[in-house]
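Protein chains: 2
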Amino acid sequence: MSSIRKVGVLGLGLVGASLAGALRRAGIEVVGWDPDSDAIRSLRRKRWLSKTALDPDRIEGDFQVLVLAGPLSVNESYLRLLAPRRFSFTVTDVGSVKTPIAKLGKKLLGSSFVPGHPMAGGTGSGFSFATKNLFEDRPWSICGGGEKQQRQVKKLIKAVGAHWVSMTPEGHDRTVAQVSHLPQVLASILVSQTSKSKEPALELTGPGFADWARLAGSNPELWTEILDANKTSVVKEIKKLEKALARLRTEWEPQSTLKKGKEGYERWQNTSKPRP
Amino acid sequence: MSSIRKVGVLGLGLVGASLAGALRRAGIEVVGWDPDSDAIRSLRRKRWLSKTALDPDRIEGDFQVLVLAGPLSVNESYLRLLAPRRFSFTVTDVGSVKTPIAKLGKKLLGSSFVPGHPMAGGTGSGFSFATKNLFEDRPWSICGGGEKQQRQVKKLIKAVGAHWVSMTPEGHDRTVAQVSHLPQVLASILVSQTSKSKEPALELTGPGFADWARLAGSNPELWTEILDANKTSVVKEIKKLEKALARLRTEWEPQSTLKKGKEGYERWQNTSKPRP
Chain A
0 MSSIRKVGVL GLGLVGASLA GALRRAGIEV VGWDPDSDAI RSLRRKRWLS KTALDPDRIE
60 GDFQVLVLAG PLSVNESYLR LLAPRRFSFT VTDVGSVKTP IAKLGKKLLG SSFVPGHPMA
120 GGTGSGFSFA TKNLFEDRPW SICGGGEKQQ RQVKKLIKAV GAHWVSMTPE GHDRTVAQVS
180 HLPQVLASIL VSQTSKSKEP ALELTGPGFA DWARLAGSNP ELWTEILDAN KTSVVKEIKK
240 LEKALARLRT EWEPQSTLKK GKEGYERWQN TSKPRP
Chain B
0 MSSIRKVGVL GLGLVGASLA GALRRAGIEV VGWDPDSDAI RSLRRKRWLS KTALDPDRIE
60 GDFQVLVLAG PLSVNESYLR LLAPRRFSFT VTDVGSVKTP IAKLGKKLLG SSFVPGHPMA
120 GGTGSGFSFA TKNLFEDRPW SICGGGEKQQ RQVKKLIKAV GAHWVSMTPE GHDRTVAQVS
180 HLPQVLASIL VSQTSKSKEP ALELTGPGFA DWARLAGSNP ELWTEILDAN KTSVVKEIKK
240 LEKALARLRT EWEPQSTLKK GKEGYERWQN TSKPRP
């Protein structure tokens, strides 16, 4: 089993660019590409990317792993581009929804494609917010692919300071609907409603509001694609939440809601420790 | 108009104890009391409290402002205790709900009572999490009281680095239902539901979840009292949210939801700056 010496990254937004930095720190060479030439220039200046170009129309090179870090639909087009070729590297992606791309990847690339998703993000998006530490102690799902190829991706995950979690694509998508996509929708609704209230509500926000209002500042186009791709699971989570809210409103037993929340919080505190 | 030289604080939890530290830093003497004698001892050791005791059964002293920093029902009992007395200080409170206590305070103490609420908090509760910086650049609502007494409270607010916002008690309570109480309820529901899911969902939480899941770790007893006191406004906010969720689920136009959230976020970024 060869070690990873070189990685290709297609798409240099927050995740792709941070990945370049984190891999470079681990002594791994990175070749990359992005439609925004400023991103390429900036990362080359930082020496996170090597001078060699990665041509998105041909996608070839002597790297061991190719990471698709573009929007979902763009990553899918890369899979279609790769399908008729012969190549020796492992292909993985870092998108937020796994069911559709896992299905397409398996059909087109077989065991060469390892669907992946790092649970990492930040206040800003785009290469200028990239940081080498983005994946430090973060969980990173892998949802399929051949055994040998999974081992390659696990090496990459370890190299950038994250830890892997194995899940089915469907289980992953149900989970991110709960822990990421529903919170995103809620932040958007609540910030929007608050900003329209008659009282100067936006002046009266405390640290609790600030912490999760930042989600509402995310890129609407990117998130629309994510929510569309995970509609079934998100709708299920919305229904569950509506039911819980209606129950609280009609039965009005806030203590029971709060106590269950506290119990869940303590379970979370005990289980969310990074795995060695 | 006399300046503030000494302040009394009844209740030394996170807010009361932090207030003692922040006032002390501003050169103001603080006398205080709490049912937990560890809190008193600890704050005296830090020199945030002077040696003089503040007797909660008599509540007298040469301070200019008395701050009620206990749970809502305890603060109400202090108002009842003060009502038949003659005293020269201004009385204010720091509770999360203003309509009931503003009404009671006006009836019992007239213009001497200034209902107040600093929008400040943190991950932990209790005196051991107290910090002198808790109120730095934070908004602090004042919702009534005489003109002279309001000026006293504004001096106190300024002394601890916060800025005041004038609101009616009802407007305040509608606002905190939006920016604080509903988020609290949502965090409790979502963390509880996530912790019960079949998938290892709690292992897969990213920074977005972490930021606001911490709300679910709050003290359920304290929060039950807050939600009970603001039930009408909280129920209204729950209904508004249910409606928005049902609309998103049936019409499925996530882009419109996300765009409105982004617009609200930008309004918030522009308006939530601390006022000089």
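One line per chain: the protein sequences are A and B, in this order. First residue of the first sequence? That's 0 in the working numbering, and the numbers climb one at a time after it. First residue of the second sequence? That's 0 in the working numbering, and the numbers climb one at a time after it. Note that beta-carbon positions come from the ideal geometry of N, C-alpha and C, so glycine has one too.
Can you tell me whether P219 of chain A is helix, strand or coil according to DSSP?
Here P219 of chain A sits in helix by DSSP.
Is there a Cβ of chain B sitting closer than 7 Å to that of L203 of chain A, yes or no?
At least one CB of chain B lies nearer than 7 Å to the CB of L203 of chain A.
Pull up the CB-CB distance for A38 of chain B and F126 of chain B, whole angstroms please, since I reckon it's below 8 Å.
Between F126 of chain B and A38 of chain B the Cβ distance is about 4 Å, and since that is below 8 Å, they are a contact.
Going along chain A in order, which residues have a C-beta closer than 7 Å to the C-beta of A200 of chain B?
Against chain A, a Cβ distance below 7 Å from A200 of chain B picks out T174, Q177 and V178.
Check whether the stretch 1 to 9 of chain A touches the stretch 106 to 119 of chain A, counting contact only when three or more Cβ pairs, one atom from each stretch, lie closer than 8 Å.
Proximity of the stretch 1 to 9 of chain A to the stretch 106 to 119 of chain A falls short of the contact definition, fewer than three beta-carbon pairs being nearer than 8 Å.
Indicate the three-state DSSP secondary structure (helix, strand or coil) for D56 of chain A in the structure shown.
Reduced to three states, the DSSP call for D56 of chain A is coil.
Going along chain A in order, which residues have a C-beta closer than 8 Å to the C-beta of S196 of chain B?
Under the 8 Å cutoff, chain A gives R173, T174 and Q177.
Any chance you could list the alpha helix (DSSP H) runs of at least 4 consecutive residues sitting entirely within the stretch 182 to 248 of chain A, in chain order?
Listed in chain order, the complete alpha helix (DSSP H) runs (minimum 4 residues) inside the stretch 182 to 248 of chain A are 206 to 212 and 219 to 228.
I'd like to know whether the C-beta atoms of G160 of chain A and P114 of chain A end up nearer to each other than 7 Å.
Result no, Cβ atoms of G160 of chain A and P114 of chain A do not sit closer than 7 Å.
Contact between the stretch 199 to 213 of chain A and the stretch 133 to 152 of chain A is defined here as three or more beta-carbon pairs at a separation below 8 Å; is this criterion met?
Taking one beta carbon from each stretch, the stretch 199 to 213 of chain A and the stretch 133 to 152 of chain A have fewer than 3 pairs nearer than 8 Å; the two do not touch.
Chain-ordered neighbours of K153 of chain A on chain B, where CB pairs are closer than 9 Å
Those within 9 Å of K153 of chain A in chain B number zero; the least Cβ separation is about 16 Å.
Under three-state DSSP, which class holds W267 of chain B?
It is helical.
My output table needs one value for S110 of chain B: the three-state DSSP class, helix, strand or coil.
Residue state, collapsed to three classes: helix.
Measure the alpha-carbon distance for A16 of chain A versus G145 of chain A and round it to whole angstroms.
Approximately 26 Å, taken between the alpha carbons.
Rounded distance between the beta-carbons of P55 of chain B and T98 of chain B, thought under 8 Å:
Your pair T98 of chain B and P55 of chain B does not check out as a contact, with CB atoms roughly 25 Å apart and the cut at 8 Å.
Which runs of the beta strand (DSSP E) fall wholly inside the stretch 152 to 180 of chain A and span at least 3 residues, in chain order?
Counting only runs of 3+ residues, the beta strand (DSSP E) found wholly inside the stretch 152 to 180 of chain A occupies 162 to 165, in chain order.
Please tell me whether T270 of chain A has its Cβ less than 7 Å away from any Cβ of chain B.
Closer than 7 Å: yes.
Is it true that the stretch 61 to 77 of chain B meets the stretch 36 to 51 of chain B, where meeting means three or more beta-carbon pairs spaced less than 8 Å apart?
Too few Cβ pairs lie closer than 8 Å, so no.
At 9 Å on the CB atoms, spell out the chain A contacts of I237 of chain B, in chain order.
Chain-order list of chain A residues neighbouring I237 of chain B: L244, A245, L247 and R248, by C-beta distance under 9 Å.
If you run the structure through DSSP and keep just helix, strand and coil, what is T98 of chain B?
T98 of chain B falls in the helix class under three-state DSSP.
Closer than 8 Å by beta-carbon distance: list the chain A residues that pair up with G94 of chain B, in chain order.
Chain A residues near G94 of chain B: none, gap ~14 Å exceeds 8 Å.
Which residue comes first and which comes last in the alpha helix (DSSP H) that contains S124 of chain B?
DSSP places S124 of chain B in no alpha helix (DSSP H); its state is neither H nor E.
State the DSSP-derived secondary structure class of D37 of chain B, mapped to helix, strand or coil.
D37 of chain B falls in the helix class under three-state DSSP.
Whole angstroms is fine: what's the gap from A68 of chain A's alpha carbon to L103 of chain A's?
Going from the Cα of A68 of chain A to the Cα of L103 of chain A covers about 16 Å.
Below-7 Å beta-carbon distance, E254 of chain A vs any chain B residue:
Here residue 254 of chain A turns out to be Gln, not Glu, going by the sequence shown. Using a Cβ-Cβ cut-off of 7 Å, Q254 of chain A counts as an interface residue toward chain B, since at least one Cβ of chain B sits closer than that to its own.
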